[in-house]
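Here is the structure we will look at, set down as structure tokens.
Protein chains in written order, with the working numbering: chain P, 16 to 221; chain Z, 127 to 271.
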């Protein structure tokens, strides 16, 4: 009746989930997953499938004799990723059953600036009321926001410093909501910020 | 010949009984996991598209392709717009323009397949940045169509 028992898996992972944090502007160090063949026959890793193009897994040895250990090193490209991020890698072996293992990579990637929401919109049947965008500075040192510009002239902007260098509110009011349009709002800072820092929000009449 | 056939049949039945029991005990291996709260399927998307095509009161469907830009350029679902974390700032304005074309829009995000995570990341970021609630992740992704 051995077939009623769940198949034992040969690969033992030291950890199947790793969480790392990278400060603003820092790259994530590689993730290292260590594994051991605890079975009685050699096991080969036949595939390592990443959940996105941002992961690059490298396996140091593909076939392990019983008792041998190996590791999967994963480079995680954080470009464009912010906040709490989770990614998976599916490892497949040549075991006859239960031959997939899921490795989870978690990253905590603080946003340089939190702009929420990045889109304020009005429907043409609604009143042209003022809507607010909340702006928080997450850099270690304060960043002064000196103003905001709009690429269309039919929105009024008012910047309010709630905590100078740290926390602002941008009030946006459309002058008319008769015509659908989209405007790009750009925040201006006293000092230049690292390349790639998001400084835009959107206002739209639908 | 006949006794041989009978014995073979008996052996088959004897093998089938425990196999069926084993299959029942491990039926999770055969069942598709249920949809999460924000997941949808191609069948549902096609149904929504039909509804939107016949009744203007129904939300429009906006498909978002979260795969890398080169995959999107090679092939994509009809009408799908690209939006992936690596090109977020460049691609976001086109999404916002598209959202402005209808009173209500259901956004459906897909990536490669069930093993790909990017569609969920993109859906969560759309909800957060654009303050939208009607945002779904396409279960199984592009390959499940």
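Don't be surprised by glycine CBs; every beta carbon is placed ideally from N, CA and C.
- Residue environment: residue 145 of chain P is assigned as exposed (fewer than 16 neighbouring CB atoms within 10 Å of its CB, all protein chains considered).
- Within the stretch 210 to 237 of chain Z, the residues whose Cβ lies closer than 9 Å to any Cβ of chain P are, in chain order, 210, 211, 212, 213, 214, 215, 218, 219, 222, 223, 225, 226, 227, 228, 229 and 237.
- At a cut-off of 7 Å, the C-beta of residue 217 of chain P has a neighbouring C-beta in chain Z.
- Contact annotation: in the stretch 47 to 62 of chain P, no residue has its CB less than 9 Å from a CB in chain Z.
- In the DSSP annotation of this structure, the continuous segment of the beta strand (DSSP E) that includes residue 189 of chain P starts and ends at 182 to 189.
- Across the structure, residue 33 of chain P and residue 165 of chain P are spaced so that their CA atoms are roughly 42 Å apart.
- For the pair residue 124 of chain P and residue 97 of chain P, the CB atoms are nearer than the 7 Å cut-off.
- Annotated as proximal: residue 204 of chain P and residue 160 of chain P, with beta-carbon spacing under 7 Å.
- By the beta-carbon neighbour count (other beta carbons within 10 angstroms, threshold 16), residue 238 of chain Z is buried.
- Membership of residue 65 of chain P in the beta strand (DSSP E) is indicated by the continuous run 58 to 65.
- Residue 95 of chain P belongs to the set of residues whose beta carbon lies under 7 Å from a beta carbon in chain Z.
- Neighbours of residue 103 of chain P in chain Z, taken as residues whose beta carbon is under 8 Å from its own, are 241 and 243 in chain order.
- Rounded to whole angstroms, the gap between the alpha carbons of residue 31 of chain P and residue 107 of chain P is 14 Å.
- Around residue 45 of chain P, the same chain offers 88, 89, 90 and 91 as residues with beta carbons nearer than 8 Å, after the five sequence neighbours per side are excluded.
- The beta carbon of residue 225 of chain Z lies closer than 6 Å to those of 231 in the same chain, with the five residues before and after it left out.
- Membership of residue 215 of chain P in the beta strand (DSSP E) is indicated by the continuous run 215 to 220.
- About 21 Å separates the beta carbons of residue 54 of chain P and residue 104 of chain P, which is beyond the 8 Å limit, so they are not a contact pair.
- If you look at residue 96 of chain P, you'll find it isn't in any alpha helix (DSSP H); DSSP assigns it neither H nor E.
- For residue 205 of chain Z, there is no enclosing beta strand (DSSP E), since its DSSP letter is neither H nor E.
- The three-state reading of DSSP puts residue 171 of chain Z in helix, counting H, G and I together.
- Note: residue 121 of chain P is bridge-paired with P:34 and P:101 in the DSSP secondary-structure output.
- At a cut-off of 7 Å between beta-carbon atoms, residue 257 of chain Z makes contact with chain P.
- The C-beta of residue 67 of chain P comes closer than 7 Å to at least one C-beta of chain Z.
- Proximity of residue 208 of chain Z to chain P, defined by a Cβ-Cβ separation below 7 Å, is not satisfied.
- In terms of beta-carbon proximity, residue 134 of chain P lines the interface with chain Z, with at least one pair separated by less than 7 Å.
- Residues of the stretch 184 to 198 of chain P whose Cβ lies closer than 9 Å to any Cβ of chain Z, in chain order: 195, 196 and 197.
- When CB distances to chain P are screened at a threshold of 7 Å, the residues of the stretch 182 to 197 of chain Z falling below it are 194, in chain order.
- In this structure, DSSP gives residue 194 of chain Z a state outside helix and strand, which the three-state scheme calls coil.
- Here residue 245 of chain Z is buried, its C-beta having at least 16 other C-beta atoms within 10 Å.
- DSSP places residue 251 of chain Z in the helix class (H, G or I) of the three-state scheme.
- If you draw a straight line from the Cα of residue 167 of chain Z to the Cα of residue 269 of chain Z, it comes to about 12 Å.
- Residue 127 of chain P places its beta carbon less than 7 Å from that of residue 153 of chain P.
- Between residue 94 of chain P and residue 203 of chain Z a beta carbon distance of about 25 Å is seen, past the 8 Å cut, so the two are scored as non-contacting.
- Excluding sequence positions up to five before and after residue 194 of chain Z, its CB lies within less than 8 Å of the CB of 210 and 212, all in the same chain and listed in chain order.
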